[in-house]
Each structure stands twice: as structure tokens, then as C-alpha cells.
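Asks:
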């Protein structure tokens with residue numbers, strides 16, 4: 595069975611929630627952490643900014659990433675606007691969030707694609723030929739698939755259950771799978787059907803307490819106007 599490395603698409607660092615963190619003297623706990631010397635884990639930052647969608651990606655990846663991806667190779671990596679792939683627990687500070695907000699995640703933006711291509715090629719070499727790479731993000735656009743698949747030697751896959759689903763539906767699906775221990779079905783990204791009819795809506799789940807690392811900012815999100 596191949597080793598698996600998950601690649602998570604980023605949160606929008608120029609959106610409303612990100613701007614709350616960039617305000618001078620902001621009182622939110624996440625803003626205070628970003629201003630501190632220690633900073634905050636990248637995954638927790640993006641979970642604060644993105645909400646359900648990124649929480650679902652992070653919970654799912656941490657539930658199913660294995661230990662056999664190769665010595666020294668992180669199992670859960672996050673795509674960033676201008677620093678390529680970084681581990682989900684990589685510490686970032688406020689200056690990094692500001693820098694993220696200045697770079698457009700677009701296939702024509704070299705500040706985005708060049709670092710991503712370099713880090714993906716390094717990942718492919720370090721992880722070895724038996725590894726597979728699973729994109730947890732949009733496959734319907736050209737933002738991620740082509741540059742990653744080329745750099746990873748044609749080994750990029752994605753959950754086929756994503757086809758036809760919007761961001762919130764994907765997030766909810768991944769949270770369910772993480773809780774149930776049910777892994778999705780991965781298919782090659784290039785050449786696969788990436789557009790399709792919208793699936794049936796997911797049934798509402800009873801409220802449950804997610805892992806602390808995934809939902810560290812839940813109280814702050816409820817306080818946002």
C-alpha cells in the first residue's frame with residue numbers, strides 16, 4: 595500500500611476574517627498569538643480564516659496520513675501563496691499573513707507557482723516513488739492541479755467524492771469521514787472527471803467537540819460580527 599502525503603489548499607488571506615487579524619491592536623486571541631514571538635501554527639491560522647472547509651481538510655488529513663511517507667517528510671502539508679508547501683504545524687507570525695495577502699493564488703502568478711513547484715519537486719524526491727499525494731482542495735480550477743501534478747511526476751490524486759461539491763460540502767464530508775474513520779476514494783487528478791452534478795446534501799450531524807488543535811479558534815469565530 596503506498597504511503598500518503600496530504601496537500602491542503604490555502605485559506606483566503608485577503609478576505610474578511612484575515613483582515614480582522616491584520617487590524618492594528620486587534621484583540622482576538624489569534625491576532626495576539628500572531629503578534630507574539632512564538633506565532634501560531636499555519637493550520638490553526640487557516641482554520642480560523644476559512645472555518646468549516648479548512649477544519650474539515652485538517653481533521654481528515656491528520657486522521658488518515660500515515661507514518662510511512664518517508665523519513666523526515668511531513669505527512670500533512672499546506673499550500674501557501676508564496677512559500678510553496680509548509681507543514682500544517684509550521685509557526686507563522688503576523689508579517690507572514692500580510693505577505694500571504696499580497697500574492698494572488700493564480701496559475702499566472704509566478705510568485706505563487708515558482709515556490710510551489712520547487713517545494714513539490716523536493717517533496718517528490720524526498721518521499722520516494724512509492725508515495726502518493728492527495729490534494730484536499732479545488733480540482734475544478736487550474737490553481738493547483740497542473741503545477742502540482744507536473745512537479746510530483748504525475749502522482750497527484752484527489753477524492754473522487756469531491757466532484758460536484760462546493761467548499762462547505764467538502765468540509766462537512768471530510769469532518770464526517772474523520773469522525774467515522776472512513777477514508778475517501780482517490781483517483782488520478784489529471785485525466786479524471788473533475789466537474790459533475792451536485793451530489794445530494796449531507797445529513798446534519800449532531801454537534802460534537804472536535805480535536806483541540808483543529809478547533810482552537812472556535813470561540814473567536816463565534817464572536818466575529
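Residue numbers (the working numbering): 595 to 819.
Backbone N, C-alpha and C fix where the C-beta goes; we use that ideal spot for every residue, glycine too.
The structure presented is a predicted model; accordingly, all values stated were derived computationally and were not measured.
Tell me where the alpha helix (DSSP H) around residue 763 begins and ends.
Replies: It spans 761-774 - the alpha helix (DSSP H) in which residue 763 sits, taken as one unbroken run.
Asks: Starting from the Cα of residue 713, find the closest Cα among 673, 608, 729, 699 and give me that residue.
Replies: Checked all of 673, 608, 729, 699; the closest Cα to residue 713 is 673.
Asks: Check whether the Cβ atoms of residue 603 and residue 731 sit closer than 8 Å, and answer yes or no.
Replies: Yes. Within cutoff.
Asks: Pull up the distance between the alpha-carbon of residue 761 and that of residue 658, whole angstroms please.
Replies: Answer to the nearest angstrom: the Cα atoms are 20 Å apart.
Asks: Would you mind sorting residue 772 into buried or exposed? The rule is 16 or more other CB atoms within 10 Å of its CB.
Replies: It is buried - the Cβ of residue 772 has at least 16 other Cβ atoms within 10 Å.
Asks: Check whether the Cβ atoms of residue 783 and residue 729 lie closer than 8 Å to each other.
Replies: The answer is yes: Cβ separation under 8 Å.
Asks: Using 8 Å as the threshold, is the C-beta distance between residue 691 and residue 616 below it?
Replies: Closer than 8 Å, so yes.
Asks: In the stretch 722-754, which residue ranges form an unbroken alpha helix (DSSP H) of at least 4 residues, counting only runs that do not cross its ends?
Replies: List check, alpha helix (DSSP H) in window: 739-745.
Asks: State yes or no: is the C-beta of residue 643 within less than 8 Å of the C-beta of residue 678?
Replies: Not a contact, by the Cβ cut-off of 8 Å.
Asks: Quick one, are the C-beta atoms of residue 599 and residue 694 less than 8 Å apart?
Replies: The answer is no: Cβ separation not under 8 Å.
Asks: So for residue 643, helix, strand or coil by DSSP?
Replies: If DSSP states are grouped into helix, strand and coil, residue 643 belongs with the helices.
Asks: Could you work out which residue in 777, 676, 652 is closest to residue 670 when comparing CA atoms only?
Replies: It is 652 whose Cα lies nearest to the Cα of residue 670.
Asks: Within the stretch 631-711, note down every full beta strand (DSSP E) run reaching 3 residues or more, in order along the chain.
Replies: Correct list: 670-673, 679-681.
Asks: Quick one: give me the first and last residue of the beta strand (DSSP E) that residue 601 is part of.
Replies: That run of the beta strand (DSSP E) goes 597-602.
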